[in-house]
Every structure is written in C-alpha cells, then in structure tokens.
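J.: Dropping the structure in here first, questions after.
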Amino acid sequence: MARIDLDHIRHAYGAKPTRESDYALKEVHHSWNDGGAYALLGPSGCGKTTLLNIISGLLHPSEGKILFDGKDVTNLSTQERNIAQVFQFPVIYDTMTVYDNLAFPLRNRHVPEQDVARRVTEILEMTGLSDMAKRRARGLTADQKQKISLGRGLVRNDVNAILFDEPLTVIDPHMKWVLRSQLKRLHRQFGFTMVYVTHDQTEALTFADKVVVMYDGQIVQIGTPAELFERPSHTFVGYFIGSPGMNLMDAKVEGASAVVGSQSIPLAATHSIGSGKKVELGIRPEFVRLSREGMPVTISKIEDIGRQKIVRASFEGRPLAVVVPEGAEIPAEPRLQFETSAINIYADSWRVGPEG
Ligand code: ATP
Numbered sequence: 008m009a010r011i012d013l014d015h016i017r018h019a020y021g022a023k024p025t026r027e028s029d030y031a032l033k034e035v036h037h038s039w040n041d042g043g044a045y046a047l048l049g050p051s052g053c054g055k056t057t058l059l060n061i062i063s064g065l066l067h068p069s070e071g072k073i074l075f076d077g078k079d080v081t082n083l084s085t086q087e088r089n090i091a092q093v094f095q096f097p098v099i100y101d102t103m104t105v106y107d108n109l110a111f112p113l114r115n116r117h118v119p120e121q122d123v124a125r126r127v128t129e130i131l132e133m134t135g136l137s138d139m140a141k142r143r144a145r146g147l148t149a150d151q152k153q154k155i156s157l158g159r160g161l162v163r164n165d166v167n168a169i170l171f172d173e174p175l176t177v178i179d180p181h182m183k184w185v186l187r188s189q190l191k192r193l194h195r196q197f198g199f200t201m202v203y204v205t206h207d208q209t210e211a212l213t214f215a216d217k218v219v220v221m222y223d224g225q226i227v228q229i230g231t232p233a234e235l236f237e238r239p240s241h242t243f244v245g246y247f248i249g250s251p252g253m254n255l256m257d258a259k260v261e262g263a264s265a266v267v268g269s270q271s272i273p274l275a276a277t278h279s280i281g282s283g284k285k286v287e288l289g290i291r292p293e294f295v296r297l298s299r300e301g302m303p304v305t306i307s308k309i310e311d312i313g314r315q316k317i318v319r320a321s322f323e324g325r326p327l328a329v330v331v332p333e334g335a336e337i338p339a340e341p342r343l344q345f346e347t348s349a350i351n352i353y354a355d356s357w358r359v360g361p362e363g
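All you need for our numbering is the position in the sequence shown, starting with 1, plus 7.
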C-alpha cells in the first residue's frame, strides 16, 4: 500500500482555463497516509469523481503531480499505478462463474492456484456469495453482481490503493450496512489505503478515519468525524454534516462576545477578524438548550423523530433548530442558551480560531 501525495493538482475540462471558475478541481495539495481510509464526501458536481480519476490515472490533471510513496506516477496509466477500482455499477464477466470472476485479477498476475483458492474463499465469505461460487454471473441480481465487483476490488493485497466510486448505490439498505462494516473490518485487518467517493454522510462517517469534504471544486476540510462535527472549518461542512446541520446566523464579534440582533452572546475567547468580512456565528442544534432562563425564542414547530425531537424556532428573526433529547421538558415559555464551548465563529465562510 502507498502514501498518496497530491502536489498542487488542478483540473479544468476546457482547453484554456483562465479564471478560477474554469477549474472543476481547484488547487489540491495534500498528503494521504499509507494505510488510511479516506472518504471523499460532497454534493453532486463538487469534483469527487474528477479527483478520484486523477488518482487512478483515468484523467491527467491540467496542473500538478501525483506521487505514490514518493514516486511520480502522473504520467503512468491506471494499470501501471497498480491500484484496484470499484465503480458504481458492476464490472464483471457475465459468462464466468462467481469464483472465476473473483479469481481473475489474481490469475492474471500468475498467483499460485492454492493462494487464489484461499483469497477467493475469504472474499466469497465476506460478500456472502459462498453459495453461488459455481454459478455463472449472468443470472445474478444487480446487487449480487456489485458484490462480485467489490470482491474483485478487494481480492489482491499487493495493490497501492483501492478506489471506490459510490460502490454501494445499487445495494439494498441492509446489505449496505453489512458491507460497509466488513470494509471497515478488512481495512483494520489489512491496512489497505482506501479512497471512497460518496455523497452520503452516513456512509462516509462510518467508513472513513478521515473524511475529505469537497465543495465547489475545493477540499474544504479533511478531518475525523468528530472534528467535522465539533469544529467545521467551513460553513458548508457545518451545514452538510449533521441532521439538521449547524445553525448559522449573521453576527458581529466584539471582544469575547458575539452580537446577534439585540442579543449579546458570550464566547470562550476573543477572535481576530479583519474588517469588511461577513461574520457568522455557528452552533449545532445539539448544543442549544431550551430552558426557563436565557434569550427569548419563538417555537414554530416540533418534529418528533423517535429518540429526539427537533424544535424549529425563530431567534432574533432568524430560523434556528434545536435538538432535544427524548423525555426532556420543553418549557411553556421557553428561552434559550448556547453552550459556549460549542460556538464557532466564521468570517467569509471560513472558521476563525480563538486568539491565544
Ligand atoms: P457526482 O456525485 O454527480 O458524480 P462529482 O462530485 O463526482 O459529482 P465531478 O463528476 O467530478 O463531480 O464533476 C465536477 C465538475 O466537472 C462538474 O461541474 C461537472 O459538470 C464537470 N465535469 C465532469 N466531467 C466532465 C467532462 N468530462 N467534461 C466537462 N465537464 C465535466
């Protein structure tokens, strides 16, 4: 497995990019650890597939270099990069048996037949396809075929990286959960470097140790699920991760307080913010408390989602969501408080850390 360095990579699909907006992928400059499990997460069109295809060699970047373990592979083909790929839709041989499909990548590299048998048996068990080993792939359902594709991606353990592009789209919801957990276990066991593209936050957060959040052709944050939840670097991360997403409201920061409408909210520290920036206060709905004391709030709706309630409210004329645990009392005339340590301050959408 390999460390992956993305060295000042940019990509434009058009011939002569002149403006920043001509780039489908704006500058990416990062190192991804050998043996890391990374999820590329973001909405449709943000550049996830473009970045994955640059890593796999299906696409040559307009600018920059890509290195595997320090070796420049920018001009190498997918084959020469020695990676495994699993796509959104199954790529298998219909006329071969399930077993032979799984054995193919190994036999192709002249792996001894006894090792082929051992690996294929493991993968058959992992994907729940053992009973079908001798059947031809042709008659199988779409999700059975996709499990073969997934198995083919995992069968070799000498690859530099395994790349997955929304591999569970055609799999039914229960099996999705099973396969995701198995992928995670395999990762712990074998330490593959894995890059997994998805637009589904649950999939990204359960699969990856590092989630790479993309927005509008940029990487806006690379972090653990806890970091993305507690300290979103960009307002997009706050809004995109979590359900409901982070509350964001226009604010003015004065010393160690933020002013929202007519309310002054204490902050844990002072923040240095240049002039002329759009300043916002961000707080997740889980860290807003409804009580008998605090700032005035008007409740418009309460949604009961089982273990929690989502309270939709208006605070200083701005919409605000509050997550209330099951059984917690909502006062008849509620007021609200923000947990100071959970407040984040943003200037022009980027988080500003506390001073000192
Ligand atoms: P999705 O989840 O829908 O696949 P994505 O995050 O993978 O989206 P990309 O497919 O990488 O996004 O696309 C990024 C941008 O590049 C989009 O604006 C898209 O329209 C554009 N794009 C992608 N492929 C091409 C292409 N072959 N030619 C021109 N523009 C392209």
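Backbone N, C-alpha and C define an ideal beta-carbon position, used for all residues, glycine too.
Secondary structure at P273, three-state DSSP: helix, strand or coil?
T.: For the purposes of this step, residue 273 is taken as residue 266 along the sequence shown, with counting starting at 1. Reduced to three states, the DSSP call for P273 is strand.
J.: Within 10 Å of its beta-carbon, does R159 have 16 or more other beta-carbons around it, so buried, or fewer, so exposed?
T.: Your numbering for residue 159 matches position 152 in the sequence shown. Buried is the call here.
J.: What does a CB cutoff of less than 7 angstroms around G198 pick up in its chain, not counting 5 residues either side in sequence?
T.: By 1-based counting over the sequence shown, the position of residue 198 is 191. Only M8, G42 meet the Cβ criterion.
J.: Just to confirm the assignment, what range does the beta strand (DSSP E) spanning R159 have?
T.: Walking along the sequence shown from the start, residue 159 turns up at place 152. Taken as a continuous stretch (DSSP letters only), R159 belongs to no beta strand (DSSP E), being part of the alpha helix (DSSP H) at 149 to 161.
J.: On a CA-only basis, which of P97, A19, R238, E129 is nearest R145? Give me that one, please.
T.: The residue given as residue 145 occupies position 138 in the sequence shown. Nearest C-alpha to R145: P97.
J.: Can you tell me whether H278 is buried or exposed? The criterion is at least 16 other CB atoms within 10 Å of its CB, across all chains shown.
T.: Working through the sequence shown from its first residue, we reach residue 278 at position 271. Burial call: buried.
J.: Please look up how many angstroms separate the CB atoms of P273 and S264, rounded, as I've assumed it's under 8 angstroms.
T.: Counting from 1 along the sequence shown, the entry for residue 273 is found at position 266. Counting from 1 along the sequence shown, the entry for residue 264 is found at position 257. Right, their Cβ atoms sit about 6 angstroms apart.
J.: So for A265, helix, strand or coil by DSSP?
T.: Mapped onto the sequence shown, residue 265 falls at position 258. Three-state DSSP puts A265 in a strand.
J.: Mark K23 as exposed unless 16 or more other C-beta atoms lie within 10 angstroms of its C-beta, in which case mark it buried.
T.: Here residue 23 refers to the residue found at position 16 of the sequence shown. Flag for K23 reads exposed.
J.: For the beta strand (DSSP E) that contains D311, what are its first and last residues?
T.: Sequence index remark: in the sequence shown, residue 311 carries index 304 (1-based). D311 -> beta strand (DSSP E) spans 305 to 311.
J.: Using DSSP's beta-bridge definition, name the partner residues of H18.
T.: Within the sequence shown, the letter at position 11 stands for residue 18. L32, per the DSSP bridge assignment.
J.: State the DSSP-derived secondary structure class of Y353, mapped to helix, strand or coil.
T.: The residue you call residue 353 lines up with position 346 of the sequence shown. Of the three classes helix, strand and coil, the one that applies to Y353 here is strand, per DSSP.
J.: Among residues of its own chain, excluding the 5 on either side of I337, which ones have a beta-carbon nearer than 8 angstroms to its beta-carbon?
T.: By 1-based counting over the sequence shown, the position of residue 337 is 330. Here the set comprises L297, I306, I309, K316, V318, V331.
J.: Taking the runs of the beta strand (DSSP E) that are 3 residues or longer, which of them lie wholly in the stretch 70 to 104?
T.: List check, beta strand (DSSP E) in window: 70 to 75, 90 to 93.
J.: Got a list of residues with beta-carbon closer than 5 angstroms to any non-hydrogen atom of ligand 1, in chain order?
T.: With the cut-off at 5 angstroms, the residues found are Y20, A31, S51, G52, C53, G54, K55, T56, T57.
J.: Quick check: the Cα distance between K285 and N164, rounded to an integer number of angstroms?
T.: Indexing the sequence shown from 1 puts residue 285 at position 278. Indexing the sequence shown from 1 puts residue 164 at position 157. For K285 and N164, the distance between alpha carbons rounds to 49 angstroms.
J.: For the alpha helix (DSSP H) that A211 lies in, which residues bound it at each end?
T.: Here residue 211 refers to the residue found at position 204 of the sequence shown. Per DSSP, A211 belongs to the alpha helix (DSSP H) from 208 to 214.
J.: Starting from M253, trace the alpha helix (DSSP H) in both directions and tell me its first and last residue.
T.: Here residue 253 corresponds to residue number 246 of the sequence shown, with the count starting at 1. Note, M253: premise wrong, no alpha helix (DSSP H); not H, not E.
J.: Name the one or two DSSP bridge partners that E287 has.
T.: Translated into positions along the sequence shown, residue 287 becomes position 280. Paired residue(s): D257, Y353.
J.: Suppose you measure from the CA of V220 to the CA of T205; what does that come to, to the nearest Å?
T.: As a first step, residue 220 must be located in the sequence shown, where it is residue number 213. As a first step, residue 205 must be located in the sequence shown, where it is residue number 198. If you take the alpha carbons of V220 and T205, they lie about 10 angstroms apart.
J.: Which one of E287, G363, T57 has the shortest CA to CA distance from G268?
T.: Counting from one through the sequence shown, the residue named residue 268 turns up at place 261. Ranking E287, G363, T57 by Cα distance to G268 puts E287 first.
J.: Tell me whether E210 is buried or exposed, calling it buried when 16 or more other Cβ atoms sit within 10 Å of its Cβ.
T.: Here residue 210 corresponds to residue number 203 of the sequence shown, with the count starting at 1. Result: buried.
J.: What is the DSSP secondary structure of H37, reduced to helix, strand or coil?
T.: Along the sequence shown, read from residue 1 onward, the residue named residue 37 stands at position 30. In this structure, H37 counts as strand in the three-state DSSP scheme.
J.: Which runs of the alpha helix (DSSP H), 4 residues or longer, sit entirely within the stretch 172 to 200?
T.: Whole alpha helix (DSSP H) segments, 4+ residues: 180 to 197.
J.: Nearest to L32 by alpha carbon, out of S156, L59, N40?
T.: The residue labelled residue 32 in the question sits at position 25 within the sequence shown. Of the candidates S156, L59, N40, the one whose C-alpha sits nearest the C-alpha of L32 is L59.
J.: Classify E173 as buried or exposed, calling it buried when 16 or more other Cβ atoms lie within 10 Å of its own Cβ.
T.: Counted from its first residue, the sequence shown places residue 173 at position 166. E173 comes out buried.
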